[in-house]
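The sequence shown begins at 5 in my numbering and counts up by one.
Every residue gets a Cβ at the ideal spot worked out from N, C-alpha and C, and that includes glycine.
Quick caveat, the model's predicted, so the values are computed rather than measured.
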Amino acid sequence: MPENQQLEPITVSELLNKLNLSLKNNFKDILVVGELSGFKVYSSGHAYFSLKDKSDALVKCVMFHFHKRGVNFVPKDGLEVSINAEANIYFPRGDLQLVVSKITEHGRGSLYEQFEALKRKLDSEGVFNKKQDRPLPLPFVRSVGVVSSLGAAALHDVLTTLKRRTPHINITIYPSLVQGEMAPEKLISALLRADQENHDAILLVRGGGSIEDLWAFNDEKLARTISELKTFIISGVGHEVDFTISDLVANHRAPTPTAAAEIVSQSTMQYLNDIGTLINTLHKFKENQINNRYQKLDILTAKLVSPEIYLKIQTHNLLSLKQSLIERVSKIESQKRTQLKDLQKDLNFEIQTKTRDFSKRLALAVSGLIFPSSIYAQNNEKLNGLVSQLQLLHDKHRSIHMSRLKSVFTNLNSEFEKKLMVCRNIATQLISNLKAYNPKGVLSRGFSIVYDSEGKLIKSAHEVGIGDLIKIEFVDSELQAEAISKNN
């Protein structure tokens with residue numbers, strides 16, 4: 005630039021815009037390798053972190069939430085990664101930052117592609133379908149084989165979990181390498197040995213690590229061996245975010261080794277819990293039944309009346325019924341006697357009335373007329389005939405009423421006998437029932453009744469204490485005793 009040419013001043017915003025435009029033109033799509041530092045995800049879902057290298061050079065990075073969803077591993081500080089990004093200037097502070105669109109573990113790309121290729125191959129051959137995910141074949145697991153590395157934390161976690169949850173399970177350890185080039189062959193050998201021992205389940209476990217550390221569990225030969233095993237196998241390799249081919253080909257995948265141990269002991273724990281629940285239910289049912297029986301016994305005992313009192317009550321009822329029946333019969337007899345007297349009065353009145361009427365007519369005829377002897381004799385004969393008819397009528401009515409009266413007395417006597425017979429039958433049945441329900445009736449059959457010192461009936465040995473005085477009643481006598489011991 006010529007010395008006499010003056011520079012045209014620009015604002016800070018203009019400077020930042022020019023720098024930003026230059027960065028977008030020259031660093032639009034770059035691939036940067038470095039070490040993660042300060043990785044943090046905020047509530048918005050965006051991730052902010054720095055990328056540095058061994059010379060401590062550092063650049064700030066941001067990864068928006070819609071790009072972060074594609075990350076298939078857990079980013080951690082100190083992890084070496086590769087990022088696809090675009091460089092720009094953050095305007096408020098003029099800071100250089102990288103807007104990240106993709107992040108992968110450095111060196112993982114080729115391994116991941118191998119993983120996906122093997123996964124597609126085995127899936128197309130139906131290897132994954134041979135051992136579809138299903139529950140344990142037995143409700144009560146008794147024997148388990150564990151394939152892992154001796155001294156590994158994963159093996160320690162599995163053994164601790166099994167001994168704590170299901171100490172009765174027989175555990176056999178099949179040691180093997182779990183990392184390195186020789187690991188797949190060692191794992192296959194250990195699995196085949198375990199498969200021959202008729203275990204209820206086999207646990208294939210290893211702790212977490214990088215994709216390189218877990219790569220032995222992505223071996224094709226190992227996957228095919230697992231698919232042919234006859235024993236139920238649970239794969240618990242790495243952490244929850246780690247997936248291996250062995251997870252996909254096993255009968256069941258556990259997110260961690262500890263989870264694998266919990267799964268194999270879950271059915272046993274559930275079985276034992278069910279037994280405990282059933283026992284508790286049976287105990288409660290038994291207690292409820294006993295309480296119900298005691299309640300019914302208390303109710304029946306409360307309703308039970310002394311035989312002497314019950315007999316007195318029924319005797320009183322019988323006498324009352326008899327007295328009521330006698331009074332009713334007497335009342336009916338009195339009514340019939342009154343009716344008979346009224347009939348007799350009516351009959352006598354009718355006879356007297358007719359007699360007086362004929363006497364008047366006869367006197368009038370005698371006093372007013374002089375009858376020839378033949379007429380007199382004829383009328384006298386008629387008069388005698390009428391008198392005879394009146395006498396016959398009187399006797400007939402009297403006989404009819406007497407017959408009715410006898411019939412009434414006969415019916416009353418028959419009804420009284422029937423009522424009396426019913427009362428006798430009721431009394432006999434009541435006496436029989438009293439004898440049958442008399443609690444002291446069992447004494448004649450060899451039983452005895454026990455009372456406390458206050459004369460209260462003792463129903464259970466729990467009501468008697470050591471040293472208590474008790475009274476024992478037999479059929480012929482009573483005796484006093486003292487409780488000296490109790491047998492539960």
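- Separation of residue 122 and residue 224 (C-alpha to C-alpha, rounded to the nearest whole angstrom) is 7 Å.
- Here DSSP, grouped into helix, strand and coil, assigns residue 99 to strand.
- Under the three-state reduction of DSSP output, residue 164 falls in the helix class.
- DSSP, read as helix, strand or coil, puts residue 68 in coil.
- Counting C-beta pairs with one atom in each stretch, the region 321 to 338 and the region 427 to 442 have three or more that are closer than 8 Å, which means they touch.
- With distances taken between CA atoms, residue 439 lies nearest to 313 out of 313, 82, 240.
- For residue 132, the enclosing alpha helix (DSSP H) has its first and last residue at 131 to 134.
- Around residue 191, the same chain offers 180, 226 as residues with beta carbons nearer than 6 Å, after the five sequence neighbours per side are excluded.
- Taking each of 246, 74, 59, 50 in turn and checking the Cα distance to residue 65, the smallest one comes out for 50.
- Exclusion of the five residues before and after residue 401 leaves 351 as the residues of its chain whose Cβ lies within less than 7 Å of its Cβ.
- The DSSP-derived three-state label of residue 36 is strand.
- With 16 or more other Cβ atoms inside 10 Å of its own Cβ, residue 251 counts as buried.
- Using a Cβ distance threshold of 8 Å, residue 148 and residue 194 do not count as a contacting pair.
- In this structure, residue 245 places its C-beta atom within 8 Å of the C-beta atom of residue 78.
- Taking a cut-off of 8 Å for Cβ pairs, the region 281 to 292 and the region 252 to 262 do not touch, as fewer than three such pairs fall below it.
- When the Cα atoms are used, residue 88 and residue 109 turn out to be separated by approximately 12 Å.
- Under the three-state reduction of DSSP output, residue 14 falls in the coil class, being neither helix nor strand.
- For residue 210, DSSP records a beta bridge to 241.
- Contact annotation: the region 160 to 177 does not touch the region 122 to 133, with fewer than three C-beta pairs closer than 8 Å.
- The beta-carbon distance between residue 71 and residue 105, rounded to whole angstroms, is 5 Å. This is short enough to meet the 8 Å contact definition.
- Note on geometry: alpha-carbon atoms of residue 155 and residue 210 lie some 11 Å from one another.
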